[in-house]
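Taken in sequence, the protein lines are chains A and B. Okay, so the first sequence: first residue is 1480 according to the numbering used here, each after it adds one. Okay, so the second sequence: first residue is 1480 according to the numbering used here, each after it adds one.
There are 2 protein chains.
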Amino acid sequence: MRSGDRIGGDIKRAEQDLVAAKSAAVKPAGLTVPQYSALLALSENPGAPAATLARLCLTTPQTMTTILQNLVALGLVERTSHQWQRNVLENRLTETGQARFHEADRAAVAVEQRLADAFSTEERAQLRALLQRCSDVLSES
Amino acid sequence: MRSGDRIGGDIKRAEQDLVAAKSAAVKPAGLTVPQYSALLALSENPGAPAATLARLCLTTPQTMTTILQNLVALGLVERTSHQWQRNVLENRLTETGQARFHEADRAAVAVEQRLADAFSTEERAQLRALLQRCSDVLSES
DNA sequence: TGATGAATATCAGAACTCTGATACTCATCC
DNA sequence: GGATGAGTATCAGAGTTCTGATATTCATCA
């Protein structure tokens, strides 16, 4: 099988172009794509621990810890001990984090919108269904 | 826009499941996915310099240099000065590299085959066309 | 009560990835 | 010949990502 015949290459290319576009979009806000993803998950799930954010962002707890450390250093996230469970650290956006996230989100949503606008409603559903089938086949082992 | 409404998430999920499946496939051969990709490009383009391999593997020359350094340390790749152009380093698979690549390739092709088998010919063409349109839209800016 | 399992967190090490900057060689154009 | 631009290579730094291992807390069950 030649490398050009492989579906994987098309998926990788699309994903890389997506990351490149999003990276350029969130860069003016001083964020990387993973950092932005973490802030997005955090804004929709205030107080979530790192392990939960990792699941939402499709990454590992270790990676999320690293990302959060950088966000804490930037003053965008605060980590506080959970009121009841001593072992859990709650993560919350600071005010600066809120503002920075909204700034980045406007640009990131624009990218998603541009992508969505390239397809009809039917095509969009089709693409998502086909990608879903890829995931199912690949992870079923 | 809620995070669940974004096409980007589906692409990322498919790509991650793909990497996870390929990673598991090439791991018995002692390779990572990027290392396998480099060996694949090298097997189809013997003697190619790092910059060329980087383009084929959709990565940067710096990253490819790192990958090649690891492959050289494993004894799978040899780097030699180009006969005419003094500035260029030619990369070639060693015999061990050939063997290791073929071992990994069998497993990797099986993953791609499993993926391809999940779709009809029409669906496959459709998926690739839709992904291509994603890339075009995202990289046109 | 004590054991077990699930979930969290973290340390350590390695690999991959990028941007930015710099240097060298080669071909081309003036 | 000399300047310019393209292509290659590399150093430096930072960020992301993984696997593996370990510790802690909490809930559940024997």
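Backbone N, C-alpha and C fix where the C-beta goes; we use that ideal spot for every residue, glycine too.
Neighbour flag for residue i against chain A, beta carbons, 9 angstroms
i, result
"B:E1569", "no"
"B:E1601", "no"
"B:S1482", "yes"
"B:A1500", "yes"
"B:Q1577", "no"
"B:L1510", "no"
"B:L1617", "yes"
Proximal chain B residues relative to residue i, where beta-carbon distance stays under 9 angstroms
i, result
"A:S1614", "D1489, R1492, A1493, Q1495, D1496 and L1497"
"A:Q1611", "D1489, R1492 and A1493"
Closer than 9 angstroms to chain B by CB, residue i
i, result
"A:A1552", "no"
"A:K1506", "no"
"A:L1535", "yes"
"A:R1607", "yes"
"A:V1556", "no"
"A:F1580", "no"
Closest residue to residue i among the options (Cα-Cα distance)
i, options, result
"B:D1584", "B:I1486, B:R1485, B:K1501 and B:M1543", "B:K1501"
"B:V1616", "A:V1590, A:A1586 and A:P1528", "A:V1590"
"A:N1524", "B:R1481, B:R1612, B:R1593 and B:R1607", "B:R1481"
"B:A1530", "B:Q1514, B:T1573 and B:L1568", "B:L1568"
"B:I1546", "B:A1587, B:A1493, B:P1513 and B:D1596", "B:P1513"
"B:R1612", "A:R1492, A:D1484 and A:G1483", "A:R1492"
"B:A1577", "B:E1557, B:R1565, B:D1596 and B:A1503", "In the sequence as presented, Ala is not what sits at residue 1577 of chain B; that position holds Gln. Among B:E1557, B:R1565, B:D1596 and B:A1503, the Cα nearest to that of B:Q1577 belongs to B:E1557."
"A:G1488", "B:R1485, B:Q1495, B:F1580 and B:A1527", "B:Q1495"
"B:P1528", "B:A1499, B:S1560 and B:T1511", "B:S1560"
"A:K1506", "A:M1543, A:R1579 and A:Q1541", "A:R1579"
"A:L1521", "A:V1588, A:S1618, A:M1543 and A:L1610", "A:M1543"
Contacts of residue i in chain B (Cβ-Cβ under 7 angstroms)
i, result
"A:R1485", "E1591"
"A:L1572", "Ordered by position in chain B, no residue passes the 7 angstroms Cβ test against A:L1572, which lies about 15 angstroms from the chain."
"A:A1595", "I1486"
Using a beta-carbon distance cut-off of less than 9 angstroms, what residues from the region 1514–1533 of chain B approach chain A? Against chain A - using a Cβ distance shorter than 9 angstroms - the residues of the region 1514–1533 of chain B are S1516, L1519, A1520 and E1523.
Runs of 4 residues minimum, wholly inside the region 1505–1580 of chain B: which ones carry the alpha helix (DSSP H) assignment? List check, alpha helix (DSSP H) in window: 1512–1523, 1529–1535 and 1540–1552.
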